[in-house]
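So the protein sequences, as listed, match chains G and E. Numbered per the numbering used here, the first sequence spans residues 183 to 500. Numbered per the numbering used here, the second sequence spans residues 183 to 500. Think of the CB as a built atom: it goes at the ideal place given N, C-alpha and C, for glycine as much as any other residue. None of the values given here were measured: they were computed from a predicted structure. Input: a single structure, listed below in structure tokens.
2 protein chains.
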Amino acid sequence: MSTIKDVAKVAGCSISTVSYALNNDKRIPDITADRIKKIASEIGYFPSAAARNLKKRNTDTVLVAISDFGGPVYHELLDGIHFQLAKSGYTMIVSTGISSNNLLKERSADGAVITDIHISDQSLIQLAKNFRPIIVLDRRLKDTNIYNMTIDNHKAMYCLTKDILSKGYFKIGYVHGVKDTYDNQTRYSGFLAALQEKGIKVFREYYGNFTKPSGIMIGAELLKDSNLPDMLVCANDEMALGIMETLQKNGKIIPSDIGISGFDDIDLSSYVNPQLSSIKVNHFEWGKTIALTLIKLLKEEEVDIHKQEGIIMIRGSY
Amino acid sequence: MSTIKDVAKVAGCSISTVSYALNNDKRIPDITADRIKKIASEIGYFPSAAARNLKKRNTDTVLVAISDFGGPVYHELLDGIHFQLAKSGYTMIVSTGISSNNLLKERSADGAVITDIHISDQSLIQLAKNFRPIIVLDRRLKDTNIYNMTIDNHKAMYCLTKDILSKGYFKIGYVHGVKDTYDNQTRYSGFLAALQEKGIKVFREYYGNFTKPSGIMIGAELLKDSNLPDMLVCANDEMALGIMETLQKNGKIIPSDIGISGFDDIDLSSYVNPQLSSIKVNHFEWGKTIALTLIKLLKEEEVDIHKQEGIIMIRGSY
DNA sequence: TAGTTAAATTGAAACGTTTCAATTAATTTC
DNA sequence: GAAATTAATTGAAACGTTTCAATTTAACTA
């Protein structure tokens with residue numbers, strides 16, 4: 183491993199000159215800077231991140247902590263964040279589980295975007311103290327260094343439900359995701375708001391956990407019921423898809439027997455038959471916005487945190 | 183930000199004692215070690231990764247570099263790698279694009295797993311010189327510090343094709359992915375081997391690029407053809423799905439008009455109708471194996487690089 | 001040409017750890 | 001109770017950079 187010292191030796195100059203040259207400091211004339219850069223690349227020198235980070239007390243790196251790599255919603259979001267970050271000269275790393283904790287507390291990044299249900303508010307607040315800006319995507323949380331950016335679930339679900347009501351549905355059931363999550367609560371409240379406006383009561387409520395298997399369970403439960411709702415509003419697509427599959431397998435026709443809607447607009451939702459009505463978020467754009475906000479925060483500029491709007495996708499399922 | 187110095191001051195001992203205590207060095211008696219640890223946690227001290235990495239000349243971190251976050255095959259692989267790495271006390275970071283390059287050359291990790299088509303063999307060889315072990319997943323490449331671990335494409339495709347032949351298919355077409363990639367070449371060669379064994383010639387070849395849109399194009403091309411193959415072996419699922427969708431939309435019945443098979447067994451493949459026959463790899467297990475191998479490499483232990491077997495999933499599409 | 005100013009270069013400290021080698025304290029041995 | 005052994009603690013160097021402040025060199029001025 184060659185170090186800056188080796189470069190200096192070959193170039194016959196001091197370490198500081200090499201450092202300045204490599205960092206394009208204007209005090210080094212172009213001609214020498216070029217010569218030094220050439221030598222550096224010839225002997226295969228790359229600065230050590232560890233040394234630079236230690237001295238500069240920053241890393242030019244942003245951490246994105248996610249729950250796991252499996253979720254269908256993340257991909258575009260990550261690509262969007264990375265796109266913007268790279269454009270602005272930052273390096274992005276993504277991690278899960280225990281790795282996220284390690285990276286956070288040992289300050290391996292200058293800032294972070296977090297959407298990991300496994301990190302408690304508690305420990306997040308604790309970590310954020312030592313850390314620099316953290317944007318949380320999956321919860322409402324306000325504290326030193328913590329900012330939240332969320333999808334406007336309430337509004338989107340409110341609009342979707344209004345559309346459903348305008349189609350004449352009346353016996354409307356609601357399928358919950360994990361009860362006390364931000365997503366579940368805000369989606370449910372949007373749903374309720376639309377119903378209340380029309381003076382309609384929820385026909386029945388079901389409780390899942392955002393996964394397809396939980397949808398399948400609920401589907402089975404529904405089949406036993408003689409008095410079915412005519413419409414099922416689900417807190418996300420995965421549950422809706424599980425329910426739909428179960429109902430269809432047992433001879434129910436969607437949407438004539440029962441309508442259904444989801445939230446997230448995952449890929450699969452436009453592959454099933456009928457296609458699932460849902461709420462889509464342009465996650466790539468959303469990712470870019472998040473990254474831009476974090477960058478401002480890192481530069482200690484003023485930011486205006488805004489919510490991302492969902493786009494209602496009405497398809498064949500109701 | 184509190185440093186080790188602060189801990190030492192509060193504890194009324196030297197920096198070295200704190201360091202030894204925090205690292206569970208047996209020369210510090212338990213009683214003082216516990217006291218020091220308690221103080222450290224009270225004042226919210228966490229060691230700086232930068233300083234530790236610099237001094238120790240390693241990071242206990244593994245980098246996984248991927249092409250982008252969108253590919254349907256990666257998730258389980260990443261989760262598998264992370265599972266094993268975490269279990270062994272390593273931190274895992276994943277990155278794409280330019281970020282991967284930065285992290286690699288500045289030695290922000292001790293080792294890496296790479297499956298990023300955008301990093302050229304050339305630059306990989308260059309980077310690996312300064313680096314520690316790199317496992318590449320998406321190509322055959324042997325050089326200092328570079329090891330490759332791959333799916334046994336040839337064998338899997340050979341077996342699948344034999345099964346197809348045993349069902350009496352005869353006019354068999356092959357759909358290529360990106361021409362000179364490892365996956366394409368080895369899958370194709372397995373396909374050919376099975377045909378040759380029976381003395382059968384390929385009926386026709388088509389050229390895609392592993393994406394669904396390219397499958398759709400090929401589907402359109404096929405529709406113009408009066409003399410269709412009776413079976414289409416595709417280099418991956420995404421193309422197969424694109425072709426299938428296009429053919430079905432235009433009234434062709436699968437598998438009676440034409441059979442089709444894929445490779446990878448992505449989620450979608452068991453959602454379409456008929457379900458797509460494909461080759462599945464247990465990516466979670468595969469990820470664990472990869473991580474285990476890399477860990478051995480990091481410890482400079484002997485490793486035996488082996489190929490991962492594919493599992494043939496025969497479903498309704500032929 | 002000497003004096004002044006500007007340009008280019010450099011020495012050295014600092015960032016926060018780890019760890020070697022040395023010192024000090026405590027315990028054992030005879 | 002002195003010598004020897006072991007246990008506990010510590011000072012200081014080193015890891016590879018960046019950057020301040022100072023020095024050296026070059027370029028102008030009058």
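Residues bridged to residue i [DSSP beta-bridge criterion]
{"i": "leucine 414 of chain E", "result": "E:Gly355 and E:Ile442"}
{"i": "tyrosine 388 of chain G", "result": "G:Val357"}
{"i": "valine 318 of chain G", "result": "G:Ile296 and G:Asn330"}
{"i": "methionine 421 of chain E", "result": "For methionine 421 of chain E, which the question treats as bridged, DSSP gives no partner whatsoever."}
{"i": "serine 290 of chain G", "result": "Serine 290 of chain G is not bridged to any residue."}
{"i": "glycine 325 of chain E", "result": "The residue you asked about is not glycine; residue 325 of chain E is aspartate in the sequence shown. E:Ile328."}
{"i": "methionine 495 of chain G", "result": "G:Ser460"}
{"i": "glutamine 490 of chain G", "result": "G:Ile333"}
Sequence-distant residues of its chain with Cβ nearer than 7 Å to residue i (five each side left out)
{"i": "valine 192 of chain G", "result": "Ile221 and Ile225"}
{"i": "lysine 462 of chain G", "result": "Asp447, Gly492, Ile493 and Met495"}
{"i": "glycine 194 of chain E", "result": "none"}
{"i": "glutamine 430 of chain E", "result": "Ile436"}
{"i": "serine 460 of chain E", "result": "Asp419, Ser443, Gly444, Phe445, Asp446, Asp447, Ser451 and Met495"}
DSSP three-state assignment for residue i, whether helix, strand or coil
{"i": "serine 504 of chain E", "result": "Nothing about residue 504 of chain E can be read from this structure; chain E reaches only from 183 to 500."}
{"i": "lysine 191 of chain E", "result": "helix"}
{"i": "glycine 262 of chain G", "result": "helix"}
{"i": "valine 200 of chain E", "result": "helix"}
{"i": "serine 460 of chain E", "result": "strand"}
{"i": "aspartate 365 of chain G", "result": "helix"}
{"i": "threonine 214 of chain G", "result": "helix"}
{"i": "leucine 245 of chain G", "result": "strand"}
{"i": "methionine 426 of chain G", "result": "helix"}
Burial state of residue i (16 or more Cβ within 10 Å)
{"i": "histidine 358 of chain E", "result": "buried"}
{"i": "methionine 331 of chain G", "result": "buried"}
{"i": "glycine 433 of chain G", "result": "exposed"}
{"i": "lysine 470 of chain G", "result": "buried"}
{"i": "serine 305 of chain G", "result": "exposed"}
{"i": "glutamine 266 of chain G", "result": "buried"}
{"i": "aspartate 446 of chain G", "result": "buried"}
{"i": "arginine 239 of chain E", "result": "exposed"}
{"i": "asparagine 409 of chain E", "result": "exposed"}
{"i": "proline 411 of chain E", "result": "buried"}
{"i": "threonine 326 of chain E", "result": "exposed"}
{"i": "isoleucine 317 of chain G", "result": "buried"}
{"i": "glycine 271 of chain G", "result": "exposed"}
{"i": "phenylalanine 392 of chain E", "result": "buried"}
{"i": "aspartate 362 of chain G", "result": "exposed"}
{"i": "isoleucine 487 of chain E", "result": "exposed"}
{"i": "glycine 381 of chain E", "result": "exposed"}
Cut-off 6 Å between Cβ atoms - residues of its own chain near residue i, not counting five sequence neighbours on either side
{"i": "methionine 339 of chain G", "result": "Arg369, Gly372 and Phe373"}
{"i": "threonine 475 of chain G", "result": "Val485"}
{"i": "tyrosine 388 of chain E", "result": "Val357 and Ile400"}
{"i": "arginine 314 of chain E", "result": "Asp292 and Gly293"}
{"i": "aspartate 334 of chain G", "result": "Lys489 and Glu491"}
{"i": "alanine 203 of chain E", "result": "Ile210, Ala215 and Ile218"}
{"i": "isoleucine 477 of chain G", "result": "Ser270"}
{"i": "methionine 274 of chain E", "result": "Val244, His264 and Leu267"}
{"i": "alanine 376 of chain E", "result": "Tyr340, Thr343 and Lys344"}
beta-carbon residue i near the ligand FAD non-hydrogen atom, thresh 7 Å
{"i": "glutamine 266 of chain G", "result": "Absence of the ligand FAD from the depicted structure is noted, as is the absence of any ligand whatsoever, leaving it without description."}
Limits of the alpha helix (DSSP H) - the one that residue i falls within
{"i": "glycine 252 of chain G", "result": "It is not in any alpha helix (DSSP H) - glycine 252 of chain G carries neither H nor E in the DSSP assignment."}
{"i": "lysine 470 of chain G", "result": "465-480"}
{"i": "serine 305 of chain E", "result": "303-312"}
{"i": "isoleucine 436 of chain G", "result": "Note, isoleucine 436 of chain G: premise wrong, no alpha helix (DSSP H); not H, not E."}
{"i": "threonine 343 of chain E", "result": "335-348"}
{"i": "lysine 237 of chain G", "result": "231-238"}
Own chain residues within Cβ distance below 8 Å of residue i, not counting five before or after
{"i": "threonine 278 of chain E", "result": "Ala247, Ile248, Ser249, Asp250, Phe251 and Asp298"}
{"i": "alanine 402 of chain G", "result": "Thr428"}
{"i": "asparagine 206 of chain E", "result": "Ala215"}
{"i": "aspartate 345 of chain G", "result": "Ile494 and Ile496"}
{"i": "leucine 323 of chain E", "result": "Asp303, Leu306, Ile307 and Asn330"}
{"i": "phenylalanine 466 of chain G", "result": "Glu258, Leu259, Asp261, Gly262 and Phe265"}
Continuous beta strand (DSSP E) stretch holding residue i: start and end
{"i": "serine 277 of chain E", "result": "273-278"}
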